[in-house]
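Student: This is the structure I want to talk about, given as structure tokens.
Protein chains: 2
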Amino acid sequence: MTDFKPIPGGVLAAKDFVAAAVHCGIKKDKLDLVMIHSLRPAAAAATVTQNKFRAAPTYVTQEAVADGNAQTIIANSGNANCATGEQGLLDAWRMAALAGNATGVEATEVIVCSTGHIGDLLPMDKVEAGIAEAAAKLSRDNAELAARGIMTTDSYPKSCAAEFEVNGVTCRIGGIAKGAGMIHPNMATMLCFLCTDVAIDAKLLRQLLVDCVEHTFNCITVDGDMSTNDTVAILANGAAENETLVYLEDKGSDAFQAALRYVCTELAKMIAFDGEGATKAVTIRVTEAESFEEARAVAKGVANYNLCKCMFYGMDFNWGRVAAAIGATLLDVDPARISIEIQGIRAWHRGVPERFDLQAARQLLRDREIFVKISLGKGDAEATVWTCDLTPEYITLNAEYESAEPA
Amino acid sequence: MTDFKPIPGGVLAAKDFVAAAVHCGIKKDKLDLVMIHSLRPAAAAATVTQNKFRAAPTYVTQEAVADGNAQTIIANSGNANCATGEQGLLDAWRMAALAGNATGVEATEVIVCSTGHIGDLLPMDKVEAGIAEAAAKLSRDNAELAARGIMTTDSYPKSCAAEFEVNGVTCRIGGIAKGAGMIHPNMATMLCFLCTDVAIDAKLLRQLLVDCVEHTFNCITVDGDMSTNDTVAILANGAAENETLVYLEDKGSDAFQAALRYVCTELAKMIAFDGEGATKAVTIRVTEAESFEEARAVAKGVANYNLCKCMFYGMDFNWGRVAAAIGATLLDVDPARISIEIQGIRAWHRGVPERFDLQAARQLLRDREIFVKISLGKGDAEATVWTCDLTPEYITLNAEYESAEPA
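Just so you know, the protein sequences line up as chains A and B, in that order.
Letter 359 of the first sequence, counting from 1, is numbered 359 in our numbering, and no numbers are missing.
Letter 284 of the second sequence, counting from 1, is numbered 1284 in our numbering, and no numbers are missing.
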């Protein structure tokens, strides 16, 4: 068998997890509060944004997973609880206490996330009522609702799940994520919640999550803007009752790793391709680099170069903009060793421009999926970055956004 | 008196310089070739893009100024002569030889610049005829025409001139520049040509130009995209007949430095504020930084954050996006020491969000000129960066661009 198999069930595909999503009134008329809960103690890990202006809940989340355990996730949309000073931190801790109380766990076992407008205090009365309501509605049936509940400008709910085997025992992992602007994770606002029933040591869980995020969520970009609230969190409750995975070398660790990578890759691609206003799904693959980091930096340079993004939108085969973007990274790359291919058409090969049929090439850009391949001619490392085009709709969406009166 | 005085005359304000601009047929029906020539030998300096995929002419220009002398500038628009391989380099050298021959100087005394589409070979027959025509039309009266001749998507010609005194002798400096997309000089395609009649040693000229570019052209950004062709070049022909400036400490060096800074600042601001599709002129000032470099990096981080650029366009007082942009630079800054002000309204002060009238604040964003002030609370260095908003027109302009069939 392969290492894993895609399955339905979304974020609740694994055993002994429940979820709920409610409208508590932060937003006008959309779901704005999601709760996910493990029915048994769970190992936990999380990575949060590196933004220096990061939001209050990211501090609470780091505290929650510091001991390797957490059992409840509470997340609101419509308000980022960022740049809210001392009060914002108190509010984030209060969310943890309320959600913990409602689900029968300590406040320090609660992962807290917020996404939305920066600079306003949370309406805590609404949040408090919402947490009580969500806890009352926790159920195995709410996977789809939870995926909808964390959406902001996403055009569709994003979830994915897979099953895999550890020593003959079937385990499951499922996740949900939201984008869709301000996506340049490092981490960059994207949120992703993963629930697995594999039994795994918290240290190994953390190691595998960090590595996975580097190759998935940290390989996507919508607009190059790093957010203040990004969080990827995972709960592993052991309900599958496999022999606990402790070391990377343990039999089954590779299967879990593969399933985790698959789910995160799918969710990351959904986020990138569903960027605000996007009309194109762009994959940029860089090969023959000296390191994964170098390959990713070149790919991200192209992915974030506005003139390339406009070209994908405009469907012009202006490969020179890709060359300019590579050069603009200021990395130690040599045009005389580089090859550039778009939709399988080689435009530049090791210092020499190639002849091709421009009309035919242009036609290939009418596909929704765009593939750019760049070979650096230096080594054997590679990386793939996923992104979208830049469209007038992105700007309209982000320009029409109206800040609300401060609370 | 002040150090310098603005004067008319553009790029030909200084003595013994002539210019011409012609249409040679690279573009459909616009001026596409400009020649500037000093009637006497001149000290020369130039800075070119750091882009690794930089265009062929930038190599020729570096060679030309390596010995500190140059006398003629030849520049075409409509074709960047970039990513053109060996033939591109030969073509750039041929442009130098043709322009040198036409103006009676060695090929190595010619600064060559190109701007336009990347990846196509220059139509050298047209360029050759154009250079001959331009040389025949060289005149003191063509300052305005030269400014128009280097325009690509600029909405208006950009020129500026000033006079200053060196030991009682009046000297002049004038310049022209072009933007308007792909502007993130480092150098990032902007071109700027400066002509001065001050007598100055080539070494000092170079030192002052490099320093000036750091604080002017390297402080502007339109879209964060670094171009392959950027060049700032200066010719100093000594026609003012002042005592030659040799050292920074020489009397009059400061006056020249001030006039140079003034002309370059004005041209840089014109480029930034005339970004493709721009509706806003945005100035970002960062103070209390540890170094100029740190201050500039924070200012550029905000200037290039697409969500901030959209906010300026949308005129929403969403100051949290400025906070997010500062944090996303990943520099060692502390929100608890930072202050953020937009249009004089303080929104965040040393860790605490401030109360303000959102409607009144929003009203202030209706101005064309937007001022953002950020204090880092760390040191006493500062920097100013000039930029514009990001608009649907930018994308339309860059998406509708059509590559021509390869030659």
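We put the CB at the ideal spot given by N, CA and C, even for glycine.
Would you identify the three-state DSSP class for Ala-13 of chain A, choosing helix, strand or coil?
Tutor: Position 13 of the first sequence, counted from the first residue, corresponds to residue 13 of chain A. The answer is coil: DSSP assigns Ala-13 of chain A none of H, G, I, E or B.
Student: Beta-carbon of Arg-285 of chain A versus every beta-carbon of chain B: anything under 8 Å?
Tutor: Residue 285 of chain A sits at position 285 when you count from the first residue of the first sequence. Cβ-Cβ to chain B under 8 Å: no for Arg-285 of chain A.
Student: What three-state label does DSSP hand Val-1286 of chain B in the structure shown?
Tutor: Taking the second sequence and counting its residues from 1, one reaches residue 1286 of chain B at position 286. In the structure shown, Val-1286 of chain B sits in a strand (DSSP, three-state: E or B).
Student: Who are the near neighbours of Cys-1113 of chain B in its chain, counting only those whose CB is closer than 6 Å to its CB and skipping five residues on each side?
Tutor: On the second sequence, position 113 is the one that residue 1113 of chain B refers to. Within the same chain, Cys-1113 of chain B has close Cβ partners Pro-1057, Ala-1075, Leu-1191, Thr-1231.
Student: Counting only beta-carbon separations shorter than 8 Å, does Gln-1050 of chain B have a partner in chain A?
Tutor: Here residue 1050 of chain B refers to the residue found at position 50 when the second sequence is read from its first residue. Yes, contact with chain A.
Student: Among B:Lys-1052, B:Leu-1267, B:Thr-1108, which has the Cα closest to the Cα of Ala-325 of chain A?
Tutor: For the purposes of this step, residue 325 of chain A is taken as the residue at position 325 of the first sequence. Of B:Lys-1052, B:Leu-1267, B:Thr-1108, the residue nearest in Cα terms is B:Lys-1052.
Student: At least one CB of chain A closer than 8 Å to the CB of Thr-1279 of chain B: is that the case?
Tutor: Mapped onto the second sequence, residue 1279 of chain B falls at position 279. Taking Cβ atoms only, chain A never reaches closer than 8 Å to Thr-1279 of chain B, which makes this a no.
Student: Is there at least one Cβ from chain B nearer than 8 Å to Asn-398 of chain A's Cβ?
Tutor: Position 398 of the first sequence holds residue 398 of chain A. Yes, Asn-398 of chain A lies at the interface with chain B (some Cβ there is under 8 Å from its Cβ).
Student: Specify the secondary structure class of Val-1169 of chain B as computed by DSSP and reduced to three states.
Tutor: Here residue 1169 of chain B refers to the residue found at position 169 when the second sequence is read from its first residue. Val-1169 of chain B: strand per DSSP, three-state reduction.
Student: Give the interface partners of Trp-386 of chain A over in chain B, defined as CB-CB distance under 8 Å, in chain order.
Tutor: By one-based count along the first sequence, residue 386 of chain A stands at place 386. None at all; the shortest Cβ gap to chain B is about 18 Å.
Student: Between Met-1 of chain A and chain B, is there a C-beta pair that is closer than 8 Å?
Tutor: The residue labelled residue 1 of chain A in the question sits at position 1 within the first sequence. Unreliable positioning characterises Met-1 of chain A in this predicted model, as indicated by a pLDDT of 42, which lies under 50. The coordinate reading is nonetheless provided below. Cβ-Cβ to chain B under 8 Å: no for Met-1 of chain A.
Student: Nearest-angstrom Cα distance between Val-282 of chain A and Ala-1013 of chain B?
Tutor: Walking along the first sequence from the start, residue 282 of chain A turns up at place 282. Walking along the second sequence from the start, residue 1013 of chain B turns up at place 13. The alpha-carbon atoms of Val-282 of chain A and Ala-1013 of chain B are separated by roughly 49 Å.
Student: State the DSSP-derived secondary structure class of Pro-471 of chain A, mapped to helix, strand or coil.
Tutor: Outside the displayed span of chain A (1 to 407) sits residue 471 of chain A, for which this structure offers no information.
Student: For the region 1005-1035 of chain B, which residues have a beta carbon sitting closer than 9 Å to at least one beta carbon of chain A?
Tutor: Cβ contacts with chain A come from no residue of the region 1005-1035 of chain B.
Student: Within 8 Å of any Cβ in chain A, is that where the Cβ of Cys-1219 of chain B sits?
Tutor: As a position in the second sequence, residue 1219 of chain B is number 219, starting the count at 1. So no, Cys-1219 of chain B is outside the interface.
Student: Any beta carbon of chain B sitting closer than 8 Å to that of Thr-391 of chain A?
Tutor: Against the first sequence, residue 391 of chain A aligns to sequence position 391. So yes, Thr-391 of chain A belongs to the interface.
Student: Anything in chain A within Cβ reach of Thr-1084 of chain B, meaning under 8 Å, just list it in chain order.
Tutor: Translated into positions along the second sequence, residue 1084 of chain B becomes position 84. The answer, in chain order, is Pro-353.
Student: Would Arg-1321 of chain B count as contacting chain A if we go by Cβ distances under 8 Å?
Tutor: Within the second sequence, residue 1321 of chain B is the residue found at index 321, counting from 1. Yes, its Cβ sits closer than 8 Å to a Cβ of chain A.
Student: Evaluate contact between the region 135-155 of chain A and the region 208-220 of chain A, counting only Cβ atoms and requiring at least three cross-stretch pairs below 8 Å.
Tutor: The region 135-155 of chain A vs the region 208-220 of chain A: no contact.
Student: Which residues share a DSSP beta bridge with Phe-1193 of chain B?
Tutor: For this step, residue 1193 of chain B is matched to residue 193 along the second sequence. DSSP output for Phe-1193 of chain B lists B:Ile-1176, B:Ala-1233 as bridge partner(s).
Student: Could you check what DSSP says for Val-60 of chain A in three-state terms: helix, strand or coil?
Tutor: Residue numbering aside, residue 60 of chain A sits at position 60 when the first sequence is read from its first letter. DSSP places Val-60 of chain A in helix when its eight states are reduced to three.
Student: When the cut-off is 8 Å and only beta carbons count, does Trp-93 of chain A lie next to chain B?
Tutor: Taking the first residue of the first sequence as position 1, residue 93 of chain A is located at position 93. No, its Cβ sits nowhere closer than 8 Å to a Cβ of chain B.
Student: Quick check on this structure: which residue in A:Ala-134, A:Pro-392, A:Ala-289 has the alpha carbon closest to the alpha carbon of Ala-102 of chain A?
Tutor: For the purposes of this step, residue 102 of chain A is taken as the residue at position 102 of the first sequence. For Ala-102 of chain A, the nearest C-alpha among the options comes from A:Ala-134.
Student: Using a threshold of 8 Å, state whether the C-beta atoms of Ile-26 of chain A and Asn-81 of chain A are closer than that.
Tutor: Reading the first sequence from its first residue, position 26 is the one you call residue 26 of chain A. Reading the first sequence from its first residue, position 81 is the one you call residue 81 of chain A. Contact flag unset, no.
Student: Quick one, are the C-beta atoms of Ile-111 of chain A and Ala-70 of chain A less than 8 Å apart?
Tutor: Sequence index remark: in the first sequence, residue 111 of chain A carries index 111 (1-based). Sequence index remark: in the first sequence, residue 70 of chain A carries index 70 (1-based). Taking 8 Å as the Cβ cut-off, Ile-111 of chain A and Ala-70 of chain A qualify as a contacting pair.
Student: Would you say Ile-395 of chain A lies against chain B (beta-carbon separation less than 8 Å)?
Tutor: Your numbering for residue 395 of chain A matches position 395 in the first sequence. It does: the Cβ of Ile-395 of chain A has a partner Cβ on chain B nearer than 8 Å.
Student: Shortest alpha-carbon distance to Ser-159 of chain A belongs to which of A:Cys-264, A:Ile-200, A:Glu-214?
Tutor: Locating residue 159 of chain A in the first sequence gives position 159, where the first residue counts as 1. Considering only alpha carbons, the answer is A:Cys-264.
Student: Taking all protein chains shown into account, do 16 or more other C-beta atoms lie within 10 angstroms of the C-beta of Pro-1185 of chain B, making it buried, or fewer, making it exposed?
Tutor: Stepping through the second sequence from its first residue, residue 1185 of chain B is reached at position 185. Confidence is the limiting factor: at Pro-1185 of chain B the pLDDT is only 41, short of 50, which leaves the residue's position unreliable and the question unanswerable from this model.
Student: In the DSSP assignment, what residue or residues form a beta bridge with Arg-1346 of chain B?
Tutor: As a first step, residue 1346 of chain B must be located in the second sequence, where it is residue number 346. For Arg-1346 of chain B, which the question treats as bridged, DSSP gives the partners B:Glu-1341.
Student: Does the CB of Leu-235 of chain A have a neighbour CB from chain B at under 8 Å?
Tutor: Position 235 of the first sequence, counting from 1, holds the residue named residue 235 of chain A. It does not: the Cβ of Leu-235 of chain A has no partner Cβ on chain B nearer than 8 Å.
Student: Which two residues bound the contiguous alpha helix (DSSP H) that contains Glu-1243 of chain B?
Tutor: Residue mapping note: residue 1243 of chain B aligns to position 243 of the second sequence, counting from 1. From DSSP, Glu-1243 of chain B is part of no alpha helix (DSSP H); its letter is neither H nor E.
Student: Between Val-213 of chain A and Arg-296 of chain A, how many whole angstroms is the CB-CB distance? I'm expecting something under 8 Å.
Tutor: Stepping through the first sequence from its first residue, residue 213 of chain A is reached at position 213. Stepping through the first sequence from its first residue, residue 296 of chain A is reached at position 296. In fact, because the Cβ distance is near 13 Å, the residues do not count as touching under 8 Å.
Student: In terms of residue numbering, what span does the beta strand (DSSP E) encompassing His-215 of chain A cover?
Tutor: Counting from 1 along the first sequence, the entry for residue 215 of chain A is found at position 215. No beta strand (DSSP E) contains His-215 of chain A, which is instead part of the alpha helix (DSSP H) from 202-215.
Student: Compare the C-beta of Ala-1303 of chain B with all C-beta atoms of chain A and state if any pair is closer than 8 Å.
Tutor: In the second sequence, residue 1303 of chain B corresponds to position 303, counting from 1. No, its Cβ sits nowhere closer than 8 Å to a Cβ of chain A.
Student: Using a Cβ cut-off of 7 Å, pull out every chain B residue sitting near Phe-53 of chain A, in sequence order please.
Tutor: For the purposes of this step, residue 53 of chain A is taken as residue 53 along the first sequence, with counting starting at 1. Within 7 Å Cβ-Cβ: Ala-1323, Ala-1324, Ile-1326, Gly-1327, Pro-1335.
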